[in-house]
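> According to my numbering, the sequence shown is numbered sequentially starting from 8.
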Amino acid sequence: MEQYALDAMERITTRPPEVYETIGVAPLTPVTGAEVSGIDLSEKLSDTQVAELKRAFHLHHVLVFRDQELTGEDHKRVAGHFGELHPVTLPVEGSDPHILEISAGGASRAVAGDGWHSDGTADAEPSLGSMLYITRTPEIGSGGDTLFANMHLAYELLSPPMKAFLDGMTAVHDGLLPWGGVTPPPEYDVPKNEHPVVVRHPETGRPLLFVNGAYTSHLTGLTPNESRAVLDMLFAHIARTPLLTCRVRWTPGTLVFWDNRCLQHHATWDYYPHQRYGQRVAIKGARPLA
8 MEQYALDAME
18 RITTRPPEVY
28 ETIGVAPLTP
38 VTGAEVSGID
48 LSEKLSDTQV
58 AELKRAFHLH
68 HVLVFRDQEL
78 TGEDHKRVAG
88 HFGELHPVTL
98 PVEGSDPHIL
108 EISAGGASRA
118 VAGDGWHSDG
128 TADAEPSLGS
138 MLYITRTPEI
148 GSGGDTLFAN
158 MHLAYELLSP
168 PMKAFLDGMT
178 AVHDGLLPWG
188 GVTPPPEYDV
198 PKNEHPVVVR
208 HPETGRPLLF
218 VNGAYTSHLT
228 GLTPNESRAV
238 LDMLFAHIAR
248 TPLLTCRVRW
258 TPGTLVFWDN
268 RCLQHHATWD
278 YYPHQRYGQR
288 VAIKGARPLA
């Protein structure tokens, strides 16, 4: 590993341990993810619990809560501590636009999230984060793990000349790309927006890489061939650097809360034809800023 990368890892991993009064926090890796214990999300959370969850969230970016029994209202209430809810489905009479069902089984020909991405980056204001609550896992007892990649670290591990090249650049994010050539429903207003390639986290101020294979169509100011070459390099960097990632193994009753602003995630579809079911709630975010 190059010295600049080792220096970045040392800065991130040598921070003093955090102390919590109302929750237990066990890191999944030194840089990304933590399991939270000692809290029942179906109950009203105290101000201290919420404050400590926010502190752990900003530090670890992915929080995993096991053995939770939640209603849809519980799910939305917990998410509401972190901001206004972000609609996750098109308006349908009689359904809740803030709860998206995540379901796959023997009849599925594709699953949502099967590839590295951040959610909805073609929007002018992509979501702050999501809470996915899984209540049914594959009958074989494993499969369907979700991988998360840390975009702070993805940026830090780039060489200084590459960072200098990317700083100040912008990229176009196109909501039509994830449809893969399929025409979206007429009521779907397809978003398309230009965002900085390197942005700062709105709460921590840390820089991060903000391009992803699902939505980023091209880098502005470059030729198509130049843009494709740079993006392919960055996408390969994300997909082929295990150091960036943590892996969450789902069990029934698990809720995972991740920061969509500084992470990408990949839902592994390795359980066909078995079934998995859950519900996802998202939280409104803001326009990414350089």
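Positions of the beta carbon are idealized from the N, C-alpha and C atoms, including for glycine. Computed from a prediction, not measured in an experiment: that's the story for all the values here.
Would you mind stating whether residue 202 and residue 180 have Cβ atoms separated by less than 7 Å?
Walking along the sequence shown from the start, residue 202 turns up at place 195. Walking along the sequence shown from the start, residue 180 turns up at place 173. A contact, by the Cβ cut-off of 7 Å.
> In terms of residues, what are the limits of the alpha helix (DSSP H) holding residue 245?
Here residue 245 refers to the residue found at position 238 of the sequence shown. First-last of the alpha helix (DSSP H) with residue 245: 231 to 246.
> Taking just the CA atoms, how far does residue 97 sit from residue 195?
On the sequence shown, position 188 is the one that residue 195 refers to. On the sequence shown, position 90 is the one that residue 97 refers to. In a straight line, the C-alpha of residue 195 is about 7 Å away from that of residue 97.
> Taking the alpha-carbon positions, what's the residue 236 to residue 30 distance?
Counted from its first residue, the sequence shown places residue 236 at position 229. Counted from its first residue, the sequence shown places residue 30 at position 23. Going by the C-alpha atoms only, they are around 45 Å apart.
> Should residue 50 go down as buried or exposed, given a rule of 16 or more other Cβ atoms within 10 Å for buried?
As a first step, residue 50 is located in the sequence shown; it is residue number 43 there, counting from the start. So residue 50 counts as exposed.
> With C-beta atoms as the reference, is residue 290 less than 7 Å away from residue 86?
Position 283 of the sequence shown holds residue 290. Position 79 of the sequence shown holds residue 86. Cβ distance < 7 Å, so residue 290 and residue 86 count as in contact.
> Take the Cβ of residue 296 as the centre, count every other Cβ of all protein chains shown within 10 Å, and call the residue buried at 16 or more, exposed below.
Numbered from its first residue, the sequence shown carries residue 296 at position 289. By the neighbour-count rule (16 or more Cβ atoms within 10 Å), residue 296 is not buried but exposed.
> Kindly list the residues whose CB is nearer than 7 Å to the CB of residue 163, restricted to its own chain and excluding five residues on each side of it in sequence; keep chain order.
One-based indexing of the sequence shown puts residue 163 at position 156. Closer than 7 Å at the Cβ level, and outside the excluded window around residue 163, lie 15.
> Inspect the beta-carbon positions of residue 110 and residue 284 and report whether they are closer than 7 Å.
In the sequence shown, counting from the first residue as 1, residue 110 sits at position 103. In the sequence shown, counting from the first residue as 1, residue 284 sits at position 277. Contact flag set, yes.
> For residue 19, collect the residues of the same chain with a Cβ closer than 6 Å to its Cβ; drop the 5 residues on either side in sequence, then sort them by chain order.
Position 12 of the sequence shown, counting from 1, holds the residue named residue 19. Taken in chain order, the residues that qualify are 38.
> How long is the line joining the alpha carbons of residue 207 and residue 90, rounded to whole angstroms?
Start at 1 with the first residue of the sequence shown, and residue 207 comes out as number 200. Start at 1 with the first residue of the sequence shown, and residue 90 comes out as number 83. The alpha-carbon atoms of residue 207 and residue 90 are separated by roughly 19 Å.
> Hey, how far is the Cα of residue 231 from the Cα of residue 224?
Start at 1 with the first residue of the sequence shown, and residue 231 comes out as number 224. Start at 1 with the first residue of the sequence shown, and residue 224 comes out as number 217. Between residue 231 and residue 224, the C-alpha separation is close to 10 Å.
> By Cβ distance below 6 Å, which residues in the same chain neighbour residue 27 in space, the five residues on each side in sequence not counted?
On the sequence shown, residue 27 is found 20 positions in, with the first residue counted as 1. 59.
> Is the segment 256 to 269 in contact with the segment 165 to 178, if contact means three or more CB pairs nearer than 8 Å?
No contact exists between the segment 256 to 269 and the segment 165 to 178.
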